[in-house]
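So the structure is just underneath, and the comments pick up after that.
There are 2 protein chains.
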Amino acid sequence: MSFLHFLIRFQPTDSADEPESLLYAGRAVARRLLLISTSTVFGTRYLEHAFSELREVLEGVRRVLFIPHALKDHAGYLAKARAAFEEIGFGLESLHEAKDPRRSVVEAEAIFCGGGNTFRLLNSLYTMDVLPLLRKRVAEGMPYTGASAGSNLACPTIRTTNDMPIVEPPSLAGLGLVSFQINPHYLDPLPGSTHMGETRETRIREFHEENDVPVVGLREGAILRVEGESVELRGRAGARIFRRGAEPVEATPVASIEALVG
Amino acid sequence: MSFLHFLIRFQPTDSADEPESLLYAGRAVARRLLLISTSTVFGTRYLEHAFSELREVLEGVRRVLFIPHALKDHAGYLAKARAAFEEIGFGLESLHEAKDPRRSVVEAEAIFCGGGNTFRLLNSLYTMDVLPLLRKRVAEGMPYTGASAGSNLACPTIRTTNDMPIVEPPSLAGLGLVSFQINPHYLDPLPGSTHMGETRETRIREFHEENDVPVVGLREGAILRVEGESVELRGRAGARIFRRGAEPVEATPVASIEALVG
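For the record, the sequence lines run as chains D and U.
Under this note's numbering, residues 620 to 881 are what the first sequence spells out, in order.
Under this note's numbering, residues 620 to 881 are what the second sequence spells out, in order.
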């Protein structure tokens with residue numbers, strides 16, 4: 620399924636309640652995404668390992684709209700994220716402080732969606748009714764960046780999250796900005812482990828017993844840069860790519876992986 | 620909340636479609652449950668660590684109804700579980716082979732619900748429409764035993780599962796046979812880990828940011844035996860009990876824990 624078909628599938632059939640100034644895209648695929656496995660790589664500061672990638676994908680942007688809803692403490696999360704973004708030259712506003720969250724998505728220059736609990740994040744966005752607007756803005760070219768839960772949110776569903784389902788969103792459908800799934804914080808089986816809970820690979824195999832969508836297991840430090848139809852693995856760690864009925868494939872940055880996840 | 624109140628809360632308001640031979644309980648709390656953290660403890664055979672507990676809770680039972688739906692391969696799972704149950708003197712029939720799943724729940728002497736993916740398990744039971752019948756039979760005194768996903772299913776919801784949400788059940792509400800949550804395969808933080816994904820304790824803390832229900836983190840090898848109002852920790856491993864706004868408490872078998880989870 621091409622991204623264009625994907626996008627069309629996700630366009631709401633009734634757009635009457637959307638602000639008139641927004642036109643649906645679909646004529647051109649303008650998506651520009653940075654999907655980060657983990658906000659913090661062990662031994663570095665918050666988002667530090669992604670600073671150069673963030674600077675590049677956010678070129679020309681002055682202020683970024685932050686989505687802190689995966690964590691409970693929105694104000695504390697904003698302070699932490701703002702310090703990181705200011706260090707690389709961007710202002711940060713937060714969706715939780717917006718009087719009109721939908722309007723603030725419409726006017727955003729770019730998005731950064733932080734990690735935490737993916738069910739809570741998705742549930743909040745359904746409550747604020749901003750998912751269709753976010754899809755539309757990304758299709759128009761607004762850069763979307765996210766880490767961990769924020770990367771999962773960009774997928775067709777959040778069915779490959781590692782998180783506990785602490786709340787029940789009305790649906791597990793995500794933004795669908797890409798046509799594949801991401802498993803963030805991807806973890807290889809621990810050699811010699813005596814724990815009998817499922818390994819991550821077992822969980823993803825179970826996902827493929829029920830779903831036919833490729834899954835990119837993004838190790839901590841790995842980053843996906845998506846630009847139009849191109850999907851590039853970047854960062855300092857690799858990915859393990861799972862497709863239904865096929866052996867998993869390893870990818871090492873920098874690598875173009877769109878052929879593996881299409 | 621007492622178990623009696625809990626049971627009443629979970630009784631469907633319209634029981635017209637239930638077989639007439641079944642009467643709702645509520646006059647007496649007859650529940651008899653065995654909730655096992657993991658079917659297999661490292662270095663032992665399937666269910667072996669729970670054999671003596673299963674024999675005790677299933678005293679007087681000849682045939683047990685197996686629920687294999689947490690795994691995809693029902694037939695393979697049945698063969699494995701049947702070998703274990705036959706070794707300790709019980710016949711095993713499987714819900715997946717029943718022509719009329721509801722009738723087979725009505726007629727069951729006891730239940731064993733196997734582990735696997737909890738979302739898939741719950742979704743299958745909703746599809747077969749057997750959840751209200753299972754609640755009713757347990758309230759009447761039919762023994763219910765389960766491991767891992769099967770233990771999670773006995774809780775008010777499956778919101779404390781460790782599993783990936785590979786399918787979307789219509790609701791995360793479980794059987795509600797107990798008034799607390801279980802987190803099976805409970806895992807203590809790994810000392811020296813550099814992995815930045817959430818620890819199990821962090822996940823349960825996040826659960827308590829959104830829910831006010833006690834959580835029993837059952838380590839592998841730990842077993843809960845529930846009889847009427849009594850909740851006893853048994854088995855070969857301990858539990859960590861989490862309550863909203865309180866420090867976690869350790870429990871070591873054998874221990875009565877109903878005061879901690881009420």
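Where is the CB? At the ideal position from N, CA and C, for every residue including glycine.
Look at the beta carbons and you see the stretch 813-821 of chain U not touching the stretch 843-858 of chain D: under three pairs across the two are nearer than 8 Å.
Shown here for V680(D): same chain residues with a beta carbon closer than 7 Å to its own, the five before and five after excluded, namely F709, E728, A729, P762 in chain order. At a cut-off of 8 Å between C-beta atoms, E667(U) does not count as an interface residue with respect to chain D. Between G695(D) and chain U, the shortest Cβ-Cβ separation is not below 8 Å.
For the stretch 748-774 of chain D, no residue has a beta-carbon sitting nearer than 7 Å to a beta-carbon of chain U. Comparing alpha carbon positions, the residue from S713(D), V757(D), L806(D) closest to S723(D) is S713(D). Residue-level contact by beta carbon holds for L791(U) and chain D, with a gap shorter than 8 Å. Residue range 841-846 is occupied by the beta strand (DSSP E) that includes L843(D). Taking a Cβ-Cβ threshold of 7 Å, the residues of chain U close to K691(D) are E828, in chain order. Contact annotation, R844(U) with E672(U): C-beta distance approximately 7 Å; criterion of less than 8 Å satisfied. Of the residues F704(U), Y665(U), E839(U), H693(U), the one whose Cα lies closest to the Cα of L740(U) is H693(U). Distance check between C732(D) and each of K718(D), L753(D), E726(D) places L753(D) closest, using alpha-carbon atoms only.
The beta carbons of L697(D) and F685(D) sit closer together than 8 Å.
Positions of the beta strand (DSSP E) runs, each at least 3 residues long and wholly inside the stretch 729-765 of chain D, are given as 730-732 in order along the chain.
Counting only unbroken stretches of 3 or more residues, the beta strand (DSSP E) elements lying wholly within the stretch 786-824 of chain U are 800-805, in sequence order. According to DSSP, residue pairing for V683(U) in a beta bridge involves L711(U). The Cβ-Cβ distance between R838(U) and S656(U) falls below 8 Å.
Counting along the chain, no alpha helix (DSSP H) covers F861(D); the unbroken beta strand (DSSP E) around it starts and ends at 858-861. Neighbours of R739(U) across chain D, judged by C-beta separation under 9 Å: E825, E828, E829. Taking a C-beta distance under 8 Å as the contact criterion, L654(U) and I801(U) qualify as a contact pair. A contact is defined here as three or more CB-CB pairs under 8 Å, and the stretch 783-793 of chain U meets this definition with respect to the stretch 772-781 of chain D. Annotation for A768(D): the continuous alpha helix (DSSP H) segment containing it runs 768-771.
At a Cβ-Cβ threshold of 8 Å, H814(D) and H715(U) do not count as neighbours. Taking a C-beta distance under 8 Å as the contact criterion, I876(U) and V850(U) qualify as a contact pair. Among the bridge pairs identified by DSSP, E869(U) is matched with R859(U). Proximity of chain U to L806(D) at the Cβ level (cut-off 9 Å) is accounted for by H814, G816, in chain order.
V749(U) is not a Cβ neighbour of A773(U), given a cutoff of 8 Å. The criterion of a C-beta distance shorter than 8 Å is not satisfied by A768(D) and T746(D).
Secondary structure note for G854(U): its beta strand (DSSP E) is the uninterrupted segment 849-854.
In the displayed model, L653(D) falls within a strand according to three-state DSSP. Listed by position along chain D, the residues whose Cβ is nearer than 8 Å to that of T663(U) form an empty set, because the closest Cβ is around 10 Å away.
CA-CA distance, I860(D) to A878(D), rounds to 11 Å. Residue state for R838(U) is assigned as strand, using DSSP reduced to three classes. Between R651(U) and G760(U), the beta carbon gap of about 7 Å places them in contact (Cβ cut-off 8 Å). Under the 8 Å criterion on CB atoms, V786(D) is classed as interfacial with respect to chain U. Of all residues in the stretch 829-862 of chain U, only E829, N830, E839 place a beta-carbon less than 7 Å from a beta-carbon of chain D.
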